[in-house]
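Asks: Here you go, one structure.
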Amino acid sequence: MSRPVDEYVEAEVHRLLTEHPDLAEQGLILHRREGTLLVQGEVESPYRRDQIHRLISQRFPDVRIECDIGVIRAQAPVDAEEL
Amino acid sequence: MTGAQGSGPVVRVAAVGDVHIDQDVVGRYRPALEQLGGCADVLLLAGDLTRHGTAAEAACVAREFRDLPVPVIAVLGNHDYHCDQVPAVTSTLRDAGITVLECETAVVETSGLTLAVVGAKGFGGGFAGRHASMFGEPEMKAFIRTTCEVSDRLGEGLRAAAACDVLVALTHYSPVPDTLVGEPLEIYPFLGSYLLAQAIDSAPTTLAVHGHAHKGSERGMTAGGVRVRNVAHPVIKQAYSVFNLSPRAAQIPVPT
Chain D
123 MSRPVDEYVE AEVHRLLTEH PDLAEQGLIL HRREGTLLVQ GEVESPYRRD QIHRLISQRF
183 PDVRIECDIG VIRAQAPVDA EEL
Chain L
24 MTGAQGSGPV VRVAAVGDVH IDQDVVGRYR PALEQLGGCA DVLLLAGDLT RHGTAAEAAC
84 VAREFRDLPV PVIAVLGNHD YHCDQVPAVT STLRDAGITV LECETAVVET SGLTLAVVGA
144 KGFGGGFAGR HASMFGEPEM KAFIRTTCEV SDRLGEGLRA AAACDVLVAL THYSPVPDTL
204 VGEPLEIYPF LGSYLLAQAI DSAPTTLAVH GHAHKGSERG MTAGGVRVRN VAHPVIKQAY
264 SVFNLSPRAA QIPVPT
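Same order as they appear, the protein sequences are chains D and L. Residue numbers for the first sequence follow my numbering, so the first one is 123 and each next one is one higher. Residue numbers for the second sequence follow my numbering, so the first one is 24 and each next one is one higher.
This is the structure:
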């Protein structure tokens, strides 16, 4: 049986993202949506994206988690701003 | 280097913050960084260079940003302080040729112009009318005292460099709320302070660059008319942004 996704679960996941020694992610957004906790945002590598999903699922095995996390592009700019 | 309109020489400043480099990121920025010589005279790093502020992560940053065709000037961010290894982080970066500023100034001569970069991590507190005060518990007073002290030193550095052709303030925390739009209002006091803007406005600053606010916005302006740019990597979504800065004498005054 799944644990209800309430504000305390959301807060615990938020703290995990920041305070877990393998994560330190402060830029992700959490949404509670129809019994699922949706994690959205962008990180610096595919490894971090997968690590976040894995660690949240391990810590909260009875919470339905969905991750929609992208990897930030790192290409050279195509223009400059004149100031 | 001449500006896009051919109107006169400019200083080309590339900048990015919040790259949060560890082993898994090494090499991602390098292809874009190797193109810097064609578009920039200097690269600024606006803090949060690492994930946890360890010397090992700093070595990864050093590997990514060393031996570039332009000087690299950095400030640290709150992540770079997390593991209490600031001296080791700083020395690792400096050993790789990266200039690390904390209430200090770096001067770069380029295209016949003098660029001064005054850098400080900065700190929080909030914005005018809603700023925390040096009042109450010792922890609260220490918080705001830190912001006051770093802002004072930032202002002193900027005023001391006022004779340079182009003057840039480099911080991790934001001096204005404009570039925080997109972040929850509740956390603004932890993202920056108006005291940094007041310091920036106390000198003829050309541009203020910061990071820290991953969900913020790119563009803002201080009350004194200084352009502010949030270059946090999740905001600019490219390896770095480039700003072509005209010397002050060539600038059109901003209406107030």
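Just so it is clear, CB atoms sit at the ideal spot from N, CA and C, and this is done for glycine as well.
#1: So which residues of chain L does Gln197/D contact, with C-beta pairs closer than 7 Å?
#2: Taking the CB atoms as reference points, tell me whether Gly243/L and Val199/L lie closer together than 8 Å.
#3: Write down the C-beta distance between Val130/L and Leu67/L rounded to the nearest angstrom, noting that I regard them as a contact closer than 8 Å.
#4: Could you check which residue in Ile223/L, Gly215/L, Val36/L and Val254/L has the C-alpha nearest to that of Gln205/D?
#5: With a cut-off of 8 Å, do at least 3 Cβ pairs link the stretch 184 to 197 of chain D to the stretch 152 to 167 of chain D?
#6: Determine contact between the stretch 158 to 165 of chain L and the stretch 108 to 121 of chain L, defined as no fewer than three beta-carbon pairs at a distance below 8 Å.
#7: Among His237/L, Ala97/L, His195/L and Val49/L, which has the Cα closest to the Cα of Leu149/D?
#8: Going by beta carbon distance, what residues of the same chain come within less than 6 Å of Leu138/L, once the five residues before and after it are set aside?
#9: Mind checking Tyr52/L: buried by the 16 CB within 10 Å criterion, or exposed?
#10: Does the stretch 171 to 183 of chain D come close enough to the stretch 245 to 264 of chain L to have 3 or more Cβ pairs within less than 8 Å?
#11: How big is the Cα-Cα spacing for Gly180/L and Glu127/L?
#12: Locate the alpha helix (DSSP H) running through Asp128/D, then write down its first and last residues.
#13: Out of curiosity, what's the CA-to-CA distance linking Ile178/D and Glu203/D?
#14: From the DSSP output, in three-state form, read off Cys157/L for me.
#15: What separation, rounded to the nearest whole angstrom, lies between the Cα atoms of Ala38/L and Leu193/L?
#16: Compare the Cα-Cα distances from Gln261/L to each of Val165/D, His175/D and Arg171/D and report the closest residue.
#17: If the criterion is Cβ atoms closer than 8 Å, does the pair Thr170/L and Ser216/L meet it?
#18: The alpha helix (DSSP H) spanning Asp172/D covers which residue range?
#19: What residue does the beta strand (DSSP E) around Cys189/D start on, and which one ends it?
#20: Can you tell me which of Val65/L, Leu203/L and His75/L puts its alpha carbon nearest to the alpha carbon of Val42/L?
#21: Span of the beta strand (DSSP E) holding His256/L?
#22: Residues of the stretch 77 to 90 of chain L in Cβ contact with chain D at a cutoff of 8 Å, in chain order, please.
#23: Taking 8 Å as the threshold (C-beta atoms), are Tyr211/L and Gly145/L in contact?
#24: For Asp118/L, count neighbouring Cβ atoms within 10 angstroms of its own Cβ and tell me buried if that reaches 16, exposed if not.
#25: At least one CB of chain D closer than 8 Å to the CB of Gln108/L: is that the case?
#26: Within the same chain, show all residues whose beta-carbon is closer than 8 Å to that of Leu213/L, passing over the 5 residues directly before and after it, in chain order.
#27: Which same chain residues, not among the five before or five after Pro92/L, have their C-beta less than 8 Å away from its C-beta?
#28: For the beta strand (DSSP E) containing Gln162/D, list its first residue and its last residue.
#29: Locate the alpha helix (DSSP H) running through Ala139/L, then write down its first and last residues.
Replies: To lay it out plainly:
#1: For the C-beta of Gln197/D, the chain L residues within less than 7 Å are, from N- to C-terminus, Ala55, Gln261 and Ala262.
#2: yes
#3: Actually they are not in contact, since the Cβ atoms of Val130/L and Leu67/L sit about 14 Å apart, beyond 8 Å.
#4: First, the amino acid is wrong: residue 205/D is Leu here, not Gln. Out of Ile223/L, Gly215/L, Val36/L and Val254/L, Val36/L has the C-alpha closest to the C-alpha of Leu205/D.
#5: yes
#6: no
#7: The sequence given here places Gly at residue 149/D; Leu does not occur at that position. Gly149/D has its Cα closest to that of His237/L, out of His237/L, Ala97/L, His195/L and Val49/L.
#8: Val34, Val131 and Val189
#9: buried
#10: no
#11: 7 Å
#12: Note, Asp128/D: premise wrong, no alpha helix (DSSP H); not H, not E.
#13: 40 Å
#14: The question names Cys, yet the displayed sequence has Met at residue 157/L. Residue state, collapsed to three classes: coil.
#15: 9 Å
#16: Val165/D
#17: Note that the C-beta distance between Thr170/L and Ser216/L is below 8 Å.
#18: Pro168 to Arg181
#19: Arg186 to Val193
#20: His75/L
#21: Here His256/L belongs to no beta strand (DSSP E); instead the alpha helix (DSSP H) covers His256 to Ile259.
#22: none
#23: In this structure, Gly145/L lies away from Tyr211/L, with their beta-carbon atoms at least 8 Å apart.
#24: Exposed, by the Cβ-count rule.
#25: no
#26: As written in the sequence, residue 213/L is Phe, which differs from the Leu given in the question. So the list reads Gly147, once near-sequence residues are dropped.
#27: Glu57, Leu59 and Gly60
#28: Thr158 to Val165
#29: Element bounds for Ala139/L: not the alpha helix (DSSP H) but the beta strand (DSSP E), Leu136 to Ala143.
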